[in-house]
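Undergrad:
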Amino acid sequence: MTAQPSTPAIPGRTRRDGDQDPSFGPLLEREVLGTYLLRARVLAALFGAGLLVAFLTRYTPGQPPQYSFGSGPSRIVIGSTAFLAAYEAAVALWIARRRERGAAPASWIWYLGATVELTVPTLAIWMMAARLDAPAFALATPVVLVYFGFIALSTLRLSARFSLFSGALAAVEYAVLSILLLRRYPLGPEVDPLFSSLHFPIQRSVILLAVGVGCAFVATELRRRVAGSVLAWRESQRILRVFGRQTSPEVAQALLEGEGTAREHRFVCVLFLDMRNFSAFAESREPSEVVAYLDAFFEFAIAAVVQHHGHVHQLLGDGFMAIFGAPQSGGNDCANAVAAAVEIMRRLDEA
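Position one of the sequence shown corresponds to residue 4 (the working numbering), numbered consecutively onward.
Right under this line is the structure:
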């Protein structure tokens, strides 16, 4: 009885690596989670640095007493910055633990986090307005810029819906806050009516919404490009696996890169290897013993071919056909083939 030889394991290839490829959705979610972990850590560091800057403003000379360190507005800025720094640090710790367990957060968690981040500047402006001589001027403080930062960072989620939500929430919160402040604390007649009306606040709200729309477009485009890159990579790996079953990885890679699409004449050296009296050898031994012998033989024989810049083109049961000089030639292909054959014979003699 003749045993059917098994295909030897070629170094650098696995049999079922394609079966372990994750789907694009979970793969992207893990990458987004890693990006958000970096985002939270960076924001925690930035807000921590901002907190330090806020403390250092106490030494800034020439400030009005109502705006100096320890005043109402200053305490609000410091408190808001400290809260955001602690919040982002807690988020970073939470995301890190989720990644260790391999558990992706539910979608609503991201929206809740965006709501918390965007509501902090709204509350800061409201509390600051109550402590200013002209409360409506709080609408023009630098705190408003925090909205834009959080909206821009929403693109890291690679979700158009999430960016639209962030822009719309910031626009609505700022618009409602503007209406409440200007109606509750109207500016005096000495102030230009343009600044005492809702004209500028509504414009800012529209800009916040427009930034959200723009970020949604960017997130969609980034997601499309990332998806295209990942899917193209997975397809190339699939093609390499399919071609790799019939030819060497080098030839498969050349075909994938388009190097083999044009016909050409090329000098190559072909090495045929065949085991002498293999049929008689196989008939007198157990199938498992024959398979083990073939695996051991092919392991060092194929390694010798690869070591001398060749590749096994086809396995022939008890032998193989190897090619030297394709897809790339070193100029001494015949010498390489002879050296590979000598190496194989040497290993056989030592066995």
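Even for Gly, the Cβ is constructed at its ideal location relative to N, Cα and C.
If we count the other Cβ atoms within 10 Å of its Cβ and call it buried at 16 or more, is C218 buried or exposed?
TA: Mapped onto the sequence shown, residue 218 falls at position 215. Classification of C218: buried, given that the 10 Å Cβ count is 16 or more.
Undergrad: Which first and last residues belong to the beta strand (DSSP E) in which V273 is found?
TA: For the purposes of this step, residue 273 is identified with residue 270 of the sequence shown, where counting begins at 1. V273 -> beta strand (DSSP E) spans 272-277.
Undergrad: In angstroms, rounded to a whole number, what distance separates the CA positions of S282 and Y296?
TA: Taking the first residue of the sequence shown as position 1, residue 282 is located at position 279. Taking the first residue of the sequence shown as position 1, residue 296 is located at position 293. Going from the Cα of S282 to the Cα of Y296 covers about 13 Å.
Undergrad: Give the DSSP-derived three-state secondary structure of L318 in the structure shown.
TA: Working through the sequence shown from its first residue, we reach residue 318 at position 315. Strand, per DSSP.
Undergrad: Which one or two residues does DSSP pair with I326 in a beta bridge?
TA: Residue numbering aside, residue 326 sits at position 323 when the sequence shown is read from its first letter. Answer is V273, H314, bridged to I326.
Undergrad: On the CB-based measure, 16 or more other CB atoms within 10 Å of its CB, does T17 come out buried or exposed?
TA: Translated into the one-based positions of the sequence shown, residue 17 becomes position 14. Legend: pLDDT at T17 = 38, less than 50; position of this residue unreliable, no value from coordinates given.
Undergrad: Between A139 and Y188, which are expected to be in contact by the criterion C-beta below 8 Å, what is the C-beta distance as a whole number of angstroms?
TA: If you number the sequence shown from 1, residue 139 lands on position 136. If you number the sequence shown from 1, residue 188 lands on position 185. Confirmed, Cβ separation roughly 6 Å.
Undergrad: Report the three-state DSSP secondary structure of S332 (helix, strand or coil).
TA: One-based indexing of the sequence shown puts residue 332 at position 329. Here S332 sits in coil by DSSP.
Undergrad: Per DSSP, what kind of secondary structure is D298 in: helix, strand or coil?
TA: Walking along the sequence shown from the start, residue 298 turns up at place 295. If DSSP states are grouped into helix, strand and coil, D298 belongs with the helices.
Undergrad: By the three-class DSSP mapping on this structure, what secondary structure does D352 have?
TA: Position 349 of the sequence shown, counting from 1, holds the residue named residue 352. If DSSP states are grouped into helix, strand and coil, D352 belongs with the helices.
Undergrad: Which of the three DSSP states is assigned to L49 in this structure?
TA: Taking the first residue of the sequence shown as 1, we reach residue 49 at position 46. It is helical.
Undergrad: Where H312 and R101 are concerned, what is the direct C-alpha to C-alpha distance, given to the nearest angstrom?
TA: Stepping through the sequence shown from its first residue, residue 312 is reached at position 309. Stepping through the sequence shown from its first residue, residue 101 is reached at position 98. The alpha-carbon atoms of H312 and R101 are separated by roughly 47 Å.
Undergrad: L172 and T118 look like a contact to me (Cβ under 8 Å); what is the Cβ gap, rounded to whole Å?
TA: Locating residue 172 in the sequence shown gives position 169, counting from the first residue. Locating residue 118 in the sequence shown gives position 115, counting from the first residue. 7 Å between Cβ atoms; contact.
Undergrad: Please state whether DSSP places T144 in a helix, a strand or coil.
TA: Mapped onto the sequence shown, residue 144 falls at position 141. Three-state DSSP puts T144 in coil, outside helix and strand.
Undergrad: Y114 lies in the alpha helix (DSSP H); which residues open and close that run?
TA: By 1-based counting over the sequence shown, the position of residue 114 is 111. Note, Y114: alpha helix (DSSP H), 110-132.
Undergrad: Does the pairing of the stretch 138-153 with the stretch 175-188 give three or more beta-carbon distances under 8 Å?
TA: Result yes; three or more Cβ-Cβ pairs closer than 8 Å.
Undergrad: Give me the Cα-Cα distance between L59 and G82, rounded to the nearest whole angstrom.
TA: On the sequence shown, position 56 is the one that residue 59 refers to. On the sequence shown, position 79 is the one that residue 82 refers to. Roughly 14 Å between the two C-alpha positions.
Undergrad: Around the Cβ of E292, are there at least 16 other Cβ atoms within 10 angstroms (buried) or fewer (exposed)?
TA: To locate residue 292, count along the sequence shown from 1; it is residue 289. That one is exposed.
Undergrad: Tell me which same chain residues have a C-beta within less than 6 Å of the C-beta of L46, skipping the five on either side of it?
TA: Against the sequence shown, residue 46 aligns to sequence position 43. Closer than 6 Å at Cβ, skipping near neighbours: E91.
Undergrad: Select from E289, I182, F323, E286 the residue whose C-alpha is nearest the C-alpha of A304.
TA: As a first step, residue 304 must be located in the sequence shown, where it is residue number 301. Looking at the Cα atoms, F323 is the closest of the given residues.
Undergrad: Would you mind listing the alpha helix (DSSP H) stretches within the stretch 169-243 that are 4+ residues and don't spill past its ends, in chain order?
TA: You should have 196-199.
Undergrad: Please list, in chain order, all residues of the same chain as V271 whose beta carbon is under 6 Å from its beta carbon, the five residues on each side excluded.
TA: Taking the first residue of the sequence shown as position 1, residue 271 is located at position 268. If we look at V271 and ignore the five residues flanking it on each side, its Cβ neighbours are I326, G328, A329.
Undergrad: By how many angstroms is the C-alpha of V309 removed from the C-alpha of R44?
TA: Here residue 44 refers to the residue found at position 41 when the sequence shown is read from its first residue. Here residue 309 refers to the residue found at position 306 when the sequence shown is read from its first residue. Using only the alpha carbons, I get a separation of about 47 Å.
Undergrad: Hey, quick one: how far does the alpha helix (DSSP H) through A285 stretch, first residue to last?
TA: Sequence index remark: in the sequence shown, residue 285 carries index 282 (1-based). Where A285 is concerned, the enclosing alpha helix (DSSP H) stretches over 281-286.
Undergrad: Skipping 5 residues on each side, what residues in its chain have a beta carbon closer than 6 Å to that of P8?
TA: On the sequence shown, position 5 is the one that residue 8 refers to. Unreliable placement is indicated for P8, whose pLDDT of 40 sits below 50; no coordinate value is reported for it.
Undergrad: Which of helix, strand or coil does DSSP assign to G73?
TA: Here residue 73 refers to the residue found at position 70 when the sequence shown is read from its first residue. In this prediction, G73 has a pLDDT of 45, which is less than 50 and means its spatial position is unreliable; what the coordinates show is noted afterwards. G73 falls in the coil class under three-state DSSP.
Undergrad: What's the C-alpha gap between E238 and L185?
TA: One-based indexing of the sequence shown puts residue 238 at position 235. One-based indexing of the sequence shown puts residue 185 at position 182. When rounded, the distance between both Cα atoms is 59 Å.
Undergrad: Going straight from the alpha carbon of Q317 to that of D277, what length do you get?
TA: Within the sequence shown, numbered from 1, the residue matching residue 317 stands at position 314. Within the sequence shown, numbered from 1, the residue matching residue 277 stands at position 274. Distance between the alpha carbons of Q317 and D277 is about 12 Å.
Undergrad: From the DSSP output, in three-state form, read off E267 for me.
TA: Locating residue 267 in the sequence shown gives position 264, where the first residue counts as 1. Three-state DSSP puts E267 in coil, outside helix and strand.
Undergrad: Can you confirm whether R226, when its beta carbon is compared against all beta carbons of chain D, has any partner nearer than 8 Å?
TA: Given the protein chain composition of this structure (a single chain), no chain D is represented.
Undergrad: With distances taken Cα to Cα, identify the nearest neighbour of S166 among E289, L54, F220, A137.
TA: Here residue 166 is taken as the residue at index 163 of the sequence shown, counted from 1. Looking at the Cα atoms, F220 is the closest of the given residues.
Undergrad: So is E120 buried or exposed if we call it buried at 16+ other beta carbons inside 10 Å?
TA: Taking the first residue of the sequence shown as position 1, residue 120 is located at position 117. Burial call: buried.
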